[in-house]
Amino acid sequence: MSACRRPPAMEALWVVFPVLQHVLLYEADHDMPPFDAILESLRSSLAATLGSFAPLAGKLVHLEETGDVGVSCSASDGVRFVVAECDTDIGRLAGDEEHDLRVLEGLVPEVDMSQLPAPVLAVQATRFQGGVAVGVTVHHGVADGRALWTFVEAWAAVCRGETPATTPCFDRSLVKLPGGEELARSVLRKVAPNLPSVAPPSSLVEERKRFTRRTFTLDAGDIQRLKQRIVHLAESHGAPLPRPPSTFTAVVALAWTCFARCKPFSSEDDAQLFFFADTRDRLDPPVDAGYIGACLTGSLSKLPVPELRGDHALAAAASEVQDKINKVKEDPVAGWNFFTLIPDACLDRIMNISGSSGFRAYEVADFGWGKPRRTEPITMNHDGQVALMRSRDGQGVQVSVSLLQPAHMDAFKSSFLELLK
């Protein structure tokens, strides 16, 4: 057995976080092979891909002699591959309306990652009457969203008989923070004091089962009109934005405004926004684009609830998001230890953004029988979480939302559609 490099402090934070899980839904057409042929293609291409992504076939382990964690990998390692069947209508699952979370959760492999050693990766293929689903579970202590889609892109390319466009990089020494390994150990002791147990809070897991989930898709026209409306509102309010809003800024401003309006917050409250930013391209020197790890920094914003319910709400939200993005660009690692932001956060009034409007999930997940009809994140852990990815046509943005109360989701949808008019 050989031990891969221990995680830097930026990754140690994620050891106790719930896993990343995504499902890809493919509707059958005349080009889709029989299920047995799909299984063979997925298995053989996965084995070939793991030759370049070997740590993903390993295990996250507790190194008792030093108190660290690390990824151990050897030639005998492998990835659990689950095969299942489902009699639910795949077309209904792929729709935008309220999700059947129980069925969706059954389409990703269930893996106990609460105790070390824990597998890093598991996959599942599910046969439907009208198609197939591919589910992926990966430990967040080893990969973030960008890393996950880099792996899926490589796997799909190999399955199509092509060469992956990106070479994976697992060199943890590229992500440098003052304090080095001792800082990583200190972080690990704080977030995971009961090693080898790395279980997330049980309340988090139980509450997640009660969430209402819905997906919204903004096309290119929606986004263009939203950006124009934000610019107009900012100018009419006498506070023009320093630059036109990006797609991320515009979509996040829309979601944050809807969040503040769908919840019964007091007018004395503020509504908060938390998002992660990928720091690969912003570090000095930049980290390789194919870096497989968790390379994220956090940002927390607050605005008074009345401001997000007023006529100029979208402009106010966009201005605040732009300001926080500027701060990330100025100091990409300032928010790497996002636990330090918790004392300033009110979890009952915070919207959490995950993913990115730039994630090309549909484009990269063509295994040879076309793009997925739908891809969805499964583990959304917060009452007010919003997950972003580029839409299926490559021009818009898919917005997946989780809220605890169905009435709040109805109000969110109403505001969302109204603000897009």
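Read left to right, the sequence shown gives residues -25 to -1, 1 to 396 (mature numbering (1 follows the signal peptide of the UniProt record, and there is no 0)). Even glycine gets a Cβ: it sits at the ideal position worked out from N, Cα and C. Note that this is a predicted model, so its numbers are computed, not measured.
For residue i, which three-state DSSP category applies?
i        : result
Met(-25) : Residue confidence is low: Met(-25) scores 42 on pLDDT, short of 50, so the model does not pin down where it sits. No coordinate-derived value is stated.
Arg77    : helix
His(-4)  : strand
Gln199   : helix
Pro318   : helix
Val308   : coil
Gly37    : First, the amino acid is wrong: residue 37 is His here, not Gly. His37: strand per DSSP, three-state reduction.
Val133   : helix
Pro352   : strand
Ala108   : strand
Gln380   : coil
Lys277   : strand
Leu248   : strand
Ile328   : strand
Asp358   : coil
Leu170   : coil
Gly66    : helix
Tell me whether residue i is buried or exposed, calling it buried when 16 or more other Cβ atoms sit within 10 Å of its Cβ.
i        : result
Pro307   : buried
Leu322   : exposed
Phe391   : buried
Asn169   : exposed
Asp146   : exposed
Glu393   : exposed
Gly120   : buried
Asp253   : buried
Gln370   : exposed
Lys238   : buried
Ala382   : exposed
Thr41    : exposed
Ala167   : buried
Lys304   : exposed
Arg335   : exposed
Met(-25) : Since pLDDT at Met(-25) reaches only 42, below the 50 mark, its modelled position is unreliable, and the value read off the structure follows with that caveat. That one is exposed.
If residue i and residue j are in contact, beta carbons under 8 Å, what's the gap, nearest whole angstrom?
i      : j       : result
Ala3   : Gly106  : 5 Å
Asp62  : Gln104  : 7 Å
Val111 : Gln(-5) : 7 Å
Less than 7 Å separating the beta-carbons of residue i and residue j?
i        : j       : result
Val86    : Pro94   : yes
Val280   : Val372  : no
Arg367   : Ala69   : no
Gly330   : Phe234  : no
Val109   : Ala122  : no
Asn356   : Pro(-8) : yes
Ala174   : Ser47   : no
Leu96    : Pro171  : no
Thr142   : Gly265  : yes
Ala29    : Val54   : no
Ala340   : Leu(-2) : yes
Glu80    : Ile353  : yes
Val(-11) : Val44   : yes
Is the CB of residue i under 7 Å away from at least one CB in chain D?
i      : result
Ser221 : Looking at the structure shown, chain D is missing, and only one protein chain is on hand.
Sufficient close CB pairs (3 or more, under 8 Å) joining the segment 233 to 250 to the segment 314 to 334: yes
Stretch pair the segment 284 to 295 + the segment 257 to 275: three plus CB contacts closer than 8 Å: no
Sufficient close CB pairs (3 or more, under 8 Å) joining the segment 228 to 236 to the segment 292 to 309: Yes: at least three Cβ pairs fall under 8 Å.
Three CB pairs or more closer than 8 Å across the segment -21 to -2 and the segment 149 to 162: yes
Inter-stretch contact (C-beta, 8 Å, three-pair minimum) for the segment 70 to 79 and the segment 189 to 204: Contact between the segment 70 to 79 and the segment 189 to 204 is present: 3 or more CB-CB pairs across the two stretches fall below 8 Å.
Segment contact, 8 Å Cβ cut-off, at least three pairs: the segment 313 to 320 with the segment 334 to 348: By the C-beta criterion, the segment 313 to 320 is judged not to be in contact with the segment 334 to 348, since fewer than 3 inter-stretch pairs fall below 8 Å.
The segment 11 to 29 contacting the segment 197 to 204, beta-carbon criterion three pairs below 8 Å: They do not touch, by the three-pair rule.
At least three beta-carbon pairs within less than 8 Å, the segment 127 to 137 to the segment 23 to 35: yes
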